[in-house]
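J.: Please see the structure below; I have some questions.
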Ligand code: NAP
Ligand code: GLV
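Numbering (the numbering used here), first residue to last: 424 to 728.
Now the structure itself:
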């Protein structure tokens, strides 16, 4: 079999070398150099070109390079193709650390002090007392964030598609999201991007949050209607936002978020896939594919995550 690495926008030399080390009996190639497309049975993908899939007649499995699978157009894959993703403790730990850091930063007014620093303005204030964090999603990453926030004294609520149980996190599903929103001080988005979740953070949802609330988006830019977020910030109906992901990445230099004094921007770095963890998980799944075993971390193609 041949394994194709089709990750655009980064240098894959080290990843291909590591996969070659872990899978000495397979051919590992980096798109677009693919000697024999009919040998390709497994693709590791991130923003792969849409016309790639039709060129691979014997494709059996596609893995995302990350936790999200929205960079793969699932509708272009043959029904029998398995789709898998990365589930990794390091990725979850990194996300939890990022979310805790930015919740604390908003609680302790760091964004306000950065603005004051630029004005040479010395004006100490107590940090906010707010402690209730609500998470959209209660999957691998959200659970790690909830655990980290709980041990740091925060109160946690979360919203998921299906009902779940937790001793320490108050859980909501479906339209009960409307009950959660007015109670929380920080809204963290950790949903997958699907037809159902696209644009979920819009004017209607934002209007249900308290005015002192902060939004932290670490999922995908398309979860937010950016113009609605800007209106909520400008009208004083939302205190601040921390954004790691954007509708267009890199964020265009003319985008109003760059200069907005209530917005903290990071460059899609909350939890970056670790090269070695990815290579090990791909090698294991290639081995499982060869042995006819069910692949690890399969995505439900109907649900889209
Ligand atoms: P996951 O384990 O698949 O969890 C997704 C959660 O969202 C689940 O709890 C699911 O509910 C819930 N959900 C899905 N659709 C929903 C809906 N319509 N209504 C309510 N809840 C819904 O995903 P994950 O591994 O935690 O990752 C989440 C996302 O984080 C990824 O898809 C990716 O976009 C993003 N991410 C960002 C970065 C970064 O650096 N910024 C890094 C990694 C990942 P059920 O449990 O009921 O199915
Ligand atoms: C990163 O955004 C990921 O989905 O892993």
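Quick reminder that beta carbons are idealized off the backbone N, C-alpha and C, glycines included.
When you compare only the Cα positions, how much space is there between residue 613 and residue 453?
T.: 30 Å
J.: Under DSSP, the alpha helix (DSSP H) around residue 699 begins and ends at which residues?
T.: 698 to 713
J.: Report the three-state DSSP secondary structure of residue 517 (helix, strand or coil).
T.: helix
J.: Do residue 691 and residue 668 have their C-beta atoms within less than 7 Å of each other?
T.: yes
J.: So if DSSP puts residue 446 in a beta bridge, which residue, or which two residues, is it bridged to?
T.: None; residue 446 has no bridge partner.
J.: Ignore the nearest five residues each way along the sequence and tell me which others in residue 602's own chain have a CB closer than 7 Å to its CB.
T.: 595
J.: Along the chain, where does the beta strand (DSSP E) that runs through residue 594 open and close?
T.: Counting along the chain, the beta strand (DSSP E) containing residue 594 begins and ends at 592 to 596.
J.: Which residue wins for smallest C-alpha separation from residue 717, given the options 641, 440, 503?
T.: Residue 503 is the option with its Cα nearest to residue 717.
J.: I'd like the list of long-range same chain contacts for residue 639, defined as Cβ closer than 6 Å, with 5 residues on each side in sequence excluded.
T.: 525, 611, 665
J.: With which residues is residue 502 paired in a DSSP beta bridge?
T.: Bridge partners of residue 502: none, in fact.
J.: For the beta strand (DSSP E) containing residue 568, name the first residue and the last one.
T.: Taken as a continuous stretch (DSSP letters only), residue 568 belongs to no beta strand (DSSP E), being part of the alpha helix (DSSP H) at 563 to 574.
J.: So, residue 426 versus residue 721, is the Cβ gap smaller than 7 Å?
T.: no
J.: How far does the alpha helix (DSSP H) with residue 602 in it extend, from its first residue to its last?
T.: Per DSSP, residue 602 belongs to the alpha helix (DSSP H) from 600 to 603.
J.: Ordered along the chain, which non-local residues of its own chain (more than five positions away) have a Cβ less than 7 Å from that of residue 544?
T.: Around residue 544, the same chain offers no residue with a beta carbon nearer than 7 Å, after the five sequence neighbours per side are excluded.
J.: Between residue 565 and the ligand GLV, is the CB less than 6 Å from at least one heavy atom?
T.: no
J.: Do residue 531 and residue 550 have their C-beta atoms within less than 7 Å of each other?
T.: Closer than 7 Å, so yes.
J.: On a CA-only basis, which of 652, 628, 498 is nearest residue 686? Give me that one, please.
T.: 652
J.: Do residue 573 and residue 579 have their beta-carbon atoms positioned less than 7 Å apart in this structure?
T.: yes
J.: Is the beta carbon of residue 694 within less than 6 Å of some heavy atom of the ligand NAP?
T.: yes
J.: Let's see if you can read the secondary structure: which residues bound the alpha helix (DSSP H) around residue 649?
T.: 649 to 657
J.: Which residue's Cα is closest to the Cα of residue 656: 429, 677, 621, 625?
T.: 625
J.: Below 6 Å, is the gap between the Cβ of residue 528 and the nearest heavy atom of the ligand NAP?
T.: no
J.: Mind checking which residues open and close the beta strand (DSSP E) that includes residue 583?
T.: 578 to 583
J.: Once the 5 residues before and after residue 699 are set aside, which same chain residues still bring their CB inside 8 Å of it?
T.: Closer than 8 Å at Cβ, skipping near neighbours: 441.
J.: For residue 609, which of helix, strand or coil comes out of DSSP?
T.: Assigned with DSSP and collapsed to three states, residue 609 falls in strand.
J.: Helix, strand or coil, according to DSSP, for residue 425 in the structure here?
T.: strand
J.: What residues are listed by DSSP as bridge partners for residue 721?
T.: 507
J.: With a cut-off of 8 Å on the beta carbons, I'd call residue 567 and residue 519 a contact; round off their distance for me.
T.: Indeed they touch by this definition, with Cβ atoms about 4 Å apart.
J.: Looking at the secondary structure, which residues open and close the alpha helix (DSSP H) in which residue 471 lies?
T.: No alpha helix (DSSP H) contains residue 471, which DSSP labels as neither H nor E.
J.: Taking Cβ positions, are residue 617 and residue 645 nearer each other than 7 Å?
T.: In this structure, residue 645 does not lie closer than 7 Å to residue 617 by Cβ.
J.: Considering only heavy atoms of the ligand GLV, does any lie closer than 6 Å to the CB of residue 489?
T.: At least one heavy atom of the ligand GLV is nearer than 6 Å to the Cβ of residue 489, so yes.
J.: Tell whether a beta-carbon distance below 7 Å holds between residue 586 and residue 608.
T.: no
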